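Engineer: The following block contains the structure, expressed as structure tokens.
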Amino acid sequence: MSTPQNFLPPLQVRERSACMCSRGEICSSFASGHGLHLIQARLASATPSEWVDAIVERADAATGELVVRTLEGDAHALWNATGAALEAAPGSPVALHVRYGVLAVGRTQFNVASV
Numbered sequence: 001m002s003t004p005q006n007f008l009p010p011l012q013v014r015e016r017s018a019c020m021c022s023r024g025e026i027c028s029s030f031a032s033g034h035g036l037h038l039i040q041a042r043l044a045s046a047t048p049s050e051w052v053d054a055i056v057e058r059a060d061a062a063t064g065e066l067v068v069r070t071l072e073g074d075a076h077a078l079w080n081a082t083g084a085a086l087e088a089a090p091g092s093p094v095a096l097h098v099r100y101g102v103l104a105v106g107r108t109q110f111n112v113a114s115v
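According to UniProt numbering, the sequence shown is numbered sequentially starting from 1.
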């Protein structure tokens with residue numbers, strides 16, 4: 001005898017996949033700009049030559065948007081839902097791993113999305 005499969009209607013599936021940070025709680029998604037996944041952090045650590053130093057130009061804690069400028073002069077507009085804009089004040093030094101979307105502010109790392 002086989003076990004019947006549970007069927008979830010599309011609406012219920014969408015509700016379950018909604019990120020909790022949109023409700024002011026801890027981020028429950030690993031999509032770009034949300035929670036930093038362990039594998040993402042390890043891949044960034046395994047490729048140290050791809051980190052670039054940058055300075056924060058703008059940080060808006062209300063929207064989660066940041067603009068960082070590398071020492072070579074390239075500007076990167078970023079977004080993060082987990083508080084990177086609170087930690088990275090304008091003028092502070094950061095490191096950015098563009099390939100894996102990781103922003104390091106001191107010893108804290110954030111998953112960032114390019115805007």
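Glycine is no exception: its CB is placed at the ideal position from the N, C-alpha and C atoms. All values reported here derive from a predicted model rather than from experimental measurement.
Does DSSP put Pro90 in a helix, a strand or coil?
Structural biologist: Looking up residue 90 in the sequence shown gives position 90. DSSP places Pro90 in coil when its eight states are reduced to three.
Engineer: Let's test the definition: count the other Cβ atoms within 10 Å of the Cβ of Leu78 and tell me whether it reaches 16, buried, or not, exposed.
Structural biologist: For this step, residue 78 is matched to residue 78 along the sequence shown. Buried, since its Cβ has 16 or more Cβ neighbours within 10 Å.
Engineer: So, helix, strand or coil for Glu50, using DSSP?
Structural biologist: In the sequence shown, residue 50 corresponds to position 50, counting from 1. Helix at Glu50.
Engineer: For Ala31, is the classification buried or exposed, using 16 other Cβ atoms within 10 angstroms of its Cβ as the cut-off for buried?
Structural biologist: For this step, residue 31 is matched to residue 31 along the sequence shown. So Ala31 ends up on the exposed side.
Engineer: Spatial neighbours of Asp60 within its chain, please: C-beta separation below 7 Å, excluding the five flanking residues on both sides.
Structural biologist: Residue mapping note: residue 60 aligns to position 60 of the sequence shown, counting from 1. Hits under 7 Å: Ala85.
Engineer: Please tell me whether Pro90 and Glu57 are closer than 8 Å, where the distance is taken between their beta carbons.
Structural biologist: For the purposes of this step, residue 90 is identified with residue 90 of the sequence shown, where counting begins at 1. For the purposes of this step, residue 57 is identified with residue 57 of the sequence shown, where counting begins at 1. Cβ distance < 8 Å, so Pro90 and Glu57 count as in contact.
Engineer: Is Leu103 buried or exposed, if buried means 16 or more other CB atoms sit within 10 Å of its CB?
Structural biologist: Residue numbering aside, residue 103 sits at position 103 when the sequence shown is read from its first letter. Its Cβ being crowded by 16 or more others within 10 Å, Leu103 is buried.
Engineer: Could you work out which residue in Arg99, Gly73, Asp53, Thr63 is closest to Val105 when comparing CA atoms only?
Structural biologist: Stepping through the sequence shown from its first residue, residue 105 is reached at position 105. Ranking Arg99, Gly73, Asp53, Thr63 by Cα distance to Val105 puts Asp53 first.
Engineer: Terminal residues of the continuous beta strand (DSSP E) containing Arg69?
Structural biologist: Sequence index remark: in the sequence shown, residue 69 carries index 69 (1-based). Unbroken beta strand (DSSP E) run through Arg69: 65-70.
Engineer: Beta strand (DSSP E) containing His76: first to last residue?
Structural biologist: Within the sequence shown, residue 76 is the residue found at index 76, counting from 1. His76 -> beta strand (DSSP E) spans 75-79.
Engineer: Just curious, the beta strand (DSSP E) that Thr82 is in, first and last residue?
Structural biologist: Mapped onto the sequence shown, residue 82 falls at position 82. It is not in any beta strand (DSSP E) - Thr82 carries neither H nor E in the DSSP assignment.
Engineer: Buried or exposed: where does Leu11 fall if 16 or more other Cβ atoms within 10 Å of its Cβ makes it buried?
Structural biologist: Here residue 11 corresponds to residue number 11 of the sequence shown, with the count starting at 1. Low confidence applies to Leu11: its pLDDT is 48, below 50, so where it sits in the model is not reliable, and the reading given next is rough at best. Exposed, by the Cβ-count rule.
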